[in-house]
Amino acid sequence: MIDPDYIEHITEWRAKKEASLRAPDGWLSLVGLFWLQNGHNDIGSHPNNHIILPTNQAIPAVLGTLELIETAITLHISADHTSISIDGIPFTGKNVRLNHDHEADAPTMVSLGSVKFYVIKRDPGYAVRVSDSSSPVIQNFGGRVWYPIDESYRVTGTFISHATPITVTVDNSLGTQTVIYSSGAVEFTLNGDSYRLLAFDGDEKQLSIYIRDATSGKTTYPAGRFIEAELHENGTVDLDFNKAYFPPCAFTDYATCPYPPKDNHLSIPILAGERFP
Numbered sequence: 639m640i641d642p643d644y645i646e647h648i649t650e651w652r653a654k655k656e657a658s659l660r661a662p663d664g665w666l667s668l669v670g671l672f673w674l675q676n677g678h679n680d681i682g683s684h685p686n687n688h689i690i691l692p693t694n695q696a697i698p699a700v701l702g703t704l705e706l707i708e709t710a711i712t713l714h715i716s717a718d719h720t721s722i723s724i725d726g727i728p729f730t731g732k733n734v735r736l737n738h739d740h741e742a743d744a745p746t747m748v749s750l751g752s753v754k755f756y757v758i759k760r761d762p763g764y765a766v767r768v769s770d771s772s773s774p775v776i777q778n779f780g781g782r783v784w785y786p787i788d789e790s791y792r793v794t795g796t797f798i799s800h801a802t803p804i805t806v807t808v809d810n811s812l813g814t815q816t817v818i819y820s821s822g823a824v825e826f827t828l829n830g831d832s833y834r835l836l837a838f839d840g841d842e843k844q845l846s847i848y849i850r851d852a853t854s855g856k857t858t859y860p861a862g863r864f865i866e867a868e869l870h871e872n873g874t875v876d877l878d879f880n881k882a883y884f885p886p887c888a889f890t891d892y893a894t895c896p897y898p899p900k901d902n903h904l905s906i907p908i909l910a911g912e913r914f915p
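Residue numbering for the sequence shown follows the numbering used here, beginning at 639 and increasing consecutively.
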């Protein structure tokens with residue numbers, strides 16, 4: 639019999655995942671991703687702009703331009719009587735430098751009514767990601783679907799750190815490749831067999847693990863699933879496949895997801911975590 643406290647824990651965790659996806663600024667709110675060219679990039683609601691914002695009363699046909707000079711990105715506002723906020727503060731100026739998501743704790747957020755946009759840095763350059771909290775995608779989303787909770791997929795692993803962090807080149811949802819850093823690997827036993835998975839984005843308490851398994855492309859997202867595993871001071875790792883979830887690119891074309899490295903392709907089916915309906 640499954641521990642009722644564990645069922646409650648997983649149920650609450652899954653509810654938070656659902657709420658995060660449906661949030662006004664969650665992945666379902668994304669409505670565009672536009673790569674910046676060197677120089678001036680027109681931005682506004684008119685379809686002839688390089689960066690096309692949703693059509694609503696808060697957004698002019700031409701808002702202005704986003705200027706990219708080497709690594710500096712500046713928004714030049716040419717429209718009059720525009721209600722615009724920068725990081726939540728009303729802005730009445732005409733020019734503002736924008737931080738991208740790798741340049742500060744958070745990228746500079748530009749808001750016009752329900753629409754927001756910000757700059758991200760990815761290979762092959764810089765892009766503007768656009769979201770709209772009123773997107774019908776949020777309202778029409780049918781909800782995440784999960785395998786039944788199964789405690790046999792909750793295991794304790796051992797973290798084996800690399801002598802020095804290594805770089806791993808993986809494919810991504812953009813059709814290009816991404817270099818990610820691995821601080822070590824997690825070794826564990828599942829149903830009597832031993833496995834090893836590379837871990838990424840490690841910090842003192844949590845590891846990110848990207849996996850593919852025999853369900854990928856059948857009952858789960860083809861590219862794989864993500865897991866956050868808790869790392870303890872003694873080197874043990876709480877690896878719970880009931881928390882395996884689809885990456886953002888399963889829900890939007892405007893995410894930039896790394897795919898699991900070949901070392902993390904499991905030949906067995908992981909019948910736990912998120913799945914297709």
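By construction, the Cβ of each residue, glycine as well, lies at the ideal position given by its N, Cα and C atoms.
Burial state of V757 (16 or more Cβ within 10 Å) = Label assigned to V757: buried.
For the region 874-902, list the beta strand (DSSP E) runs that are entirely contained and at least 3 residues long, ordered along the chain.
-> List check, beta strand (DSSP E) in window: 874-878.
When we look at the beta-carbon of T890 and count the other beta-carbons within 10 Å, is it buried (16 or more) or exposed?
-> buried
Buried/exposed call for S773, threshold 16 Cβ in 10 Å = buried
Return yes when the Cβ of H678 is within less than 9 Å of the Cβ of E705, no when it is not.
-> Going by beta carbons, E705 and H678 fall inside the 9 Å limit.
Do I847 and I865 come within 9 Å of each other at the CB atom, strictly closer than that value?
-> Going by C-beta atoms, I865 is nearer than 9 Å to I847.
For G830, which option in P915, L869, I906 has the closest C-alpha, if you only look at C-alpha atoms?
-> Nearest C-alpha to G830: I906.
Y848 lies in the beta strand (DSSP E); which residues open and close that run?
-> 844-849
Any idea what DSSP makes of R660, helix, strand or coil?
-> R660 carries a helical assignment under DSSP once its states are collapsed to helix, strand and coil.
Burial state of G855 (16 or more Cβ within 10 Å) = exposed
For G652, does the three-state DSSP call read helix, strand or coil?
-> The sequence shown places Arg at residue 652, not Gly. Shown here, R652 sits in a helix according to DSSP, grouped into three states.
Using the DSSP secondary-structure output, state which residues sit across from Y764 in a beta bridge.
-> K759
Got a sec? Which residues, its chain only, sit under 6 Å from P803 by beta carbon, not counting five neighbours each side?
-> Only Y819, S821 meet the Cβ criterion.
Measure the alpha-carbon distance for R760 versus T874 and round it to whole angstroms.
-> 33 Å
Taking the continuous alpha helix (DSSP H) assigned at V775, which residues delimit it?
-> 774-778 is the extent of the alpha helix (DSSP H) around V775.
Could you name each continuous beta strand (DSSP E) segment of 3 residues or more that falls completely within the region 782-848, going from the start of the chain to the end?
-> 792-809, 815-828, 831-838
Expressed to the nearest angstrom, what Euclidean distance is found between the alpha-carbon atoms of K843 and V793?
-> 17 Å
Using only alpha-carbon positions, find the residue among A861, F838, A852 that is nearest to A867.
-> Out of A861, F838, A852, F838 has the C-alpha closest to the C-alpha of A867.
Would you list the one or two residues that DSSP bridges to G682?
-> I690
Bridge-paired residues (DSSP) for W673 | For W673, DSSP records a beta bridge to A765.
Of the listed residues L666, A696, G795, nearest to V775 (C-alpha basis) | L666
Can you round the beta-carbon distance between R850 and L812 to whole angstroms, since I take them to be within the 8 Å contact cut?
-> Not quite, the Cβ-Cβ distance comes to about 18 Å (not below 8 Å), so this is no contact.
Which value, in whole angstroms, describes the spacing of the CA atoms of G911 and K654?
-> 14 Å
Rounded separation between E646 and I689 - CA only | 44 Å
E741 (DSSP reduced to helix, strand or coil) | coil
Sheet register partners of I865 (DSSP bridge) = I847
In whole angstroms, what is the alpha-carbon distance linking N686 and P692?
-> 13 Å
Along the chain, where does the beta strand (DSSP E) that runs through H714 open and close?
-> Secondary structure note for H714: its beta strand (DSSP E) is the uninterrupted segment 710-715.
What residue does the beta strand (DSSP E) around L909 start on, and which one ends it?
-> Where L909 is concerned, there is no enclosing beta strand (DSSP E), given that its DSSP letter is neither H nor E.
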